[in-house]
Amino acid sequence: MEVSQFVRASNGLGLGKVIEVNTESVTVSYFDSPMRMAVQDKVIPIDKVKVENLLIETVVYYYDLEVQKWSVGRVVGPTPPPADYRVQFPNDKYRDLAQADIYVRWDQPLSSPVEWLASQQTYTPLFQEARVDFQNCMLDQREACAGITAALSSSIALESHQLAVVRRVLSDPIQRYLLADEVGLGKTIEAGLILRQHILDNPLDHKVLVLVPESLQTQWNTELSESFHLYDLLGDSVIVQSYEQYYAGGEILDVNLVVIDEAHHIAEKAWSPEHQGAYQAIAKIAHLSEKLLLLSATPLVGNERNFLAMLHLLDAKNYHLTEQGVVEFRDRIVIREQLGGLIQSFTTTNTNLALRNSLQTLLQLLNTESELQTLSEELLPSLQSALFSRERSGEANLLVRKIRSHIANRHGVHHRLLRNRRSSAEIGQLLPGLDNNGLERLTYDNAEMNEALEAWHQHMLVDNSQSTCFASIYQLFVEASLGSPQVLTEFASVRLAQHFLSAQDFFLSTEQQRDLCSDLTPGESELLEQLIAQGEIAQGNYLQVLEQQLKPLINNTTAGVVIFCDHPWSANQLYIEIGFNFPGQIQRHNPKQPLRFGKDSNCRLLICDRRAEEGINLHGGRRVAIHYDIPLSPNRIEQRNGRMNRYAANQFATPVRSVVIEPSDKQSFATHWLNIIDCTFEMFKQSIAGLQFIIEEQMNQVTDTLFLEGIEAFLNLDDRLVGAGKILETEWTKIRNLEALMSVNSEVIEAREFADKLQMVDDREEEFKRASKAWINRVLGFQAKEDRYVYLTPENGGRATMVNVRTLKEHCLLGFDSNSMQRQGPVSYEMEYFRDVAQKTGKRVARLGEPFHDAMLSILPYEERGLASAMIRINSRLPKDYKKAFFCFEYIATTKFELSNKNASTLERISDQLMPPKRYTLWLDNEGLLVDPAVIPFLEKKYSKYDKGGSDINLAKHWSQIDDLYSKELWQDLCFSIEKSALQSITAQYQEVHGRGKENLENYLTSDPNLPENYVLQLRQAFERPSYKCLAARTVFLISDKQS
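Its first residue numbered 0, the sequence shown is counted upward by one per residue in numbering that gives the first Met the number 0.
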């Protein structure tokens, strides 16, 4: 090892130069800039350093003794002794230099741009214009997205209700949440955004496990690949498994984010001795993981035990999986129902009297709440006068909203349970909805099928009224009679023939199969034959009405039609029956095959069985649902509605039209059942998802009494629901009260402003494309090729990319597609600057948060080019001998956290929300005064070379031209003096934002008493002392063309 050699140690300081060699150690000097040459000297054990040759495109500094001036160049290759490297300087000048004569910056961010300007180390203004434009675009995106870069860089539409959830989760140091949006509102999108942000925050240190029902595995893989661009990580650091795969495969270690979709399926296992081991296996990984997302639309009312099991996964310390835990949880819910009822009326649209009364009740219920007491004391004076008025000050309305938020955060079922509802005005407009006309009920002639079914029923009751076997058969027959008669006819035929049905064709349990084929009773055969005969006639009539509907829908409209069957057999039979009438336009749904419907413009008709009621998206455009088989389960019909009436970024979606074909006999089971689901539940006009478990309880009573009571069981159900029992009214009240605490409506309103800001910056697509191409392609020299950027090496001839390989590895590696390396060099992923094109083509969206553009931003603190510039601008309108310097500084004001802090990303994100980073472009004259705004456009004009007919001269090589104005010492003093004036101006301008930010912080901290102490302390410290950082500096000398 020799003096002057370049070496690297494992201290993170980068390249240094050996200045002394001893037996066991070397002294290494680290160079920062021409202004600060030997910034640090380190004595390092000799076996801990490694000699390195300079890579091509390494930026080097050379002090030319002849002219006593620093020059900056690029290594273009080695050269024979006595020199070591050939270096290219500006204007294509080359010199062969020894390594003793050149210097390389250490691996630390650059010092202030003002230092570079003061020491006259500048680059062409063309570089700076490109740098600043790119940098400002990225900073504007940062300000708009408040640290949620995944929102900008994912191929999704930006919707307020989803962003409200994502913001809440990502601004929490404890990211363990139950996302409980109602079906079809985009929980997968919310989870995908949070998952992608976790990866962006931890690019080298993430391990994600997504557990899903088997039927959703393909959908999740597709969504993560196409919408969130994680296809290169799937199966590696992002693992998507079905529950069964996880049970069979054993533990996956070192997971730091677990996502569990349809988590209620896991929760159900907690109370079953047979499946408790499966629950505990998932509970173990859920408790070990730092972050956890549970996705479930399952309602709370009537489902306390399973809901408790989900909350136990989130927070085992406070939610105990014991019988006593169940009792405590139910008690908690009773109190929450009371609070929810009060919160519903505690709104700014109510009268002062109503608000005062609600507030007094709240104070009685929560008499130990000091925060509530403080807020109430501030609000009550505004409610004492004009009691029947709804008018009050903006400050009073803000206090009302603060109290609502306080109650929801402190006294919800769980403060990390978030739920969006379809009924919310903010959200309902994003869904196609259900047709205002409700259920469209056509009729067919069912001959005497219902009489034949009732004759069989009465015959079986004579001697077998207590038979569970015949009760089971009757339930099968009744449910089969509710829709197309085809399944009823088949069941009757199977019972008559006494043979088992195929398990692939029918979703029947072993007990149901056995019951259906139990011994016939005397005289039963004739009744079954009569039922079969009438059913076949009725089926022919049914198909005739169905085909009369389908032909004009498919031939004369653009509608997509989904026919819901129950069993695979009936769906197959229908496909055979009508398939030839719609060649190329029809598909029989199969979960294991790609779905053409909705993607292939020719495929307009989809026939499904029960397997399509979960895990498939059938929304978009104009949709018609035809219920061919009608289940004896409102919850399954709700699931069908949810497949079509769900969120989609499709502004052309229209309300879903729902159609059934019912018997002409108005005393049939089908007609009575349709009256219940259509008129009593009104489920074709509204969602009844919140009633799921109450409905199950009521339907169990129906099935228990159906054999004995017959059609009376349906009439009794109706009476319990809306008659004397008023069960629906009572349960809806409970649900509304609880959901008032669980919903994120107030945050959705805030998130709407957030979404609007995102949209505004996102719409500057053309501007960002130009800025990116100018910096990345024209300045740094990455080749722009077919929606990719290619790193060019000198071996290929022509211009090489001006970023050396080590910088590429340390800052840019994640931005390149390892599967598409080209001969020229590394290549980025395919990307597109226009979001709508990216969504259609599956390319990445080029924004902040896209790894390649993030990499280009991350190298700026180490990249000298464009950091400082200076030029002379000659103007004929200026007075004779006019010469004056104007200074421009690009600043960003923001909070600052230690990058080594594991919560740095979360802390920065919440800071960006509460006190957004603000960038400033500040122009001052040579006396430190702000420049007249009318003059600024002239100063900001793009650089135009004087020797090419323009008016500007780049001073990078011509600083001597201002020697008559400023000596080097005077120039340095002036630059630092102007910088001081700039900083004072920026600090003054930021005061309003700073004050508002500190107020926002206090509101945030008081809203959640569970924030970790160190987290609160770091936020307070950062907000107290904002960071003001200069990002670029330039000088424009205005000079008259008339000089003495």
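Built from N, CA and C at the ideal position, the CB exists for glycine as well.
Could you tell me if residue i is buried or exposed, where buried requires 16 or more neighbouring beta carbons within 10 angstroms of its beta carbon?
i	result
I18	exposed
S771	buried
N1009	exposed
P825	buried
H498	exposed
L707	exposed
E128	buried
M0	exposed
N1013	exposed
I660	buried
D835	exposed
G393	exposed
Y832	buried
H228	buried
L169	buried
V743	For V743, the pLDDT reaches just 48, beneath the cut-off of 50, and the residue's location in the model is therefore unreliable, leaving the point undetermined.
D514	buried
N112	Correcting the residue identity first, residue 112 is Pro in this sequence and not Asn. By the 10 Å Cβ count, P112 comes out buried.
Q666	exposed
Specify, as a first and last residue, the run of the beta strand (DSSP E) that residue i falls within.
i	result
T321	Neither: T321 is in no beta strand (DSSP E) and is coded neither H nor E.
Y60	V58 to D63
D1045	Residue numbering for the chain in the displayed model covers 0 to 1043; residue 1045 lies beyond these limits and cannot be assessed.
C1029	S1026 to S1039
Excluding the 5 residues preceding and the 5 following residue i in the sequence, name in chain order all residues of the same chain whose CB lies nearer than 6 Å to its CB.
i	result
V477	F668
L1037	R872 and K883
I402	L374
R329	E303
Q782	V789 and L791
K997	F1022
K1041	K879
Would you mind working out which of the options sits nearest residue i, comparing C-alpha positions?
i	options	result
E114	K1041, S1039, A1032 and D1040	A1032
K591	H205, E213, N436 and M448	E213
S657	K684, S241 and Y93	K684
I251	K16, V239 and P633	V239
V211	L232, E225, D880 and T187	T187
G709	L184, E546, H458 and A247	H458
F937	T905, W958, H852 and C887	C887
Q512	R94, L714 and A502	A502
A470	Q485, A395, E368 and T704	T704
E1086	L921, A97 and Q1017	The requested residue 1086 does not occur in the structure, where the chain is confined to residues 0 to 1043.
A150	L1000, K940, Q971 and Q758	Q758
D972	D718, K290, L487 and Q119	Q119
Starting from residue i, trace the alpha helix (DSSP H) in both directions and tell me its first and last residue.
i	result
L604	Where L604 is concerned, there is no enclosing alpha helix (DSSP H), although the beta strand (DSSP E) it sits in stretches over L604 to C607.
G994	K967 to S1006
W958	Per DSSP, W958 belongs to no alpha helix (DSSP H) and is neither H nor E.
D95	Element bounds for D95: not the alpha helix (DSSP H) but the beta strand (DSSP E), K92 to L96.
Q39	Q39 -> not in any alpha helix (DSSP H); beta strand (DSSP E) instead, spanning R35 to P44.
I577	P567 to I577
H618	Run containing H618: none; DSSP gives neither H nor E here.
Taking 7 Å as the limit between beta carbons, can you name the residues of its chain near residue i, skipping five residues before and five after?
i	result
E243	E213
P1025	A892, T893, T894, Y989 and H993
L964	K882
Could you pull out every residue in the same chain whose Cβ sits closer than 8 Å to the Cβ of residue i, ignoring the five residues on either side in sequence?
i	result
N10	K41 and I43
D951	P124, M870, I871, R872, I873, Y942, S943, K944 and Y945
C1093	Residue 1093 is absent from the structure shown; the chain starts at 0 and stops at 1043.
S976	G927
Within 8 Å of any Cβ in chain E, is that where the Cβ of residue i sits?
i	result
V207	Judged by its chain identifiers, the structure shown contains no chain E, having just a single protein chain.
Taking only runs that begin and end inside the segment 249 to 332, name each unbroken beta strand (DSSP E) of 3 or more residues, in chain order.
Qualifying beta strand (DSSP E) stretches, in chain order: 256 to 259 and 290 to 294.
If you scan the segment 763 to 820 from start to end, which runs of the beta strand (DSSP E) of 3 or more residues do you find wholly inside it?
Taking only runs of at least 3 residues, the beta strand (DSSP E) segments lying wholly in the segment 763 to 820 are 782 to 784 and 787 to 789.
Contiguous alpha helix (DSSP H) assignments of at least 4 residues, all confined to the segment 186 to 248
186 to 200, 216 to 225 and 242 to 248
So within the segment 645 to 715, which uninterrupted beta strand (DSSP E) runs reach at least 3 residues, ignoring any that extend past its ends?
655 to 662
Runs of 3 residues minimum, wholly inside the segment 95 to 148: which ones carry the beta strand (DSSP E) assignment?
Whole beta strand (DSSP E) segments, 3+ residues: zero.
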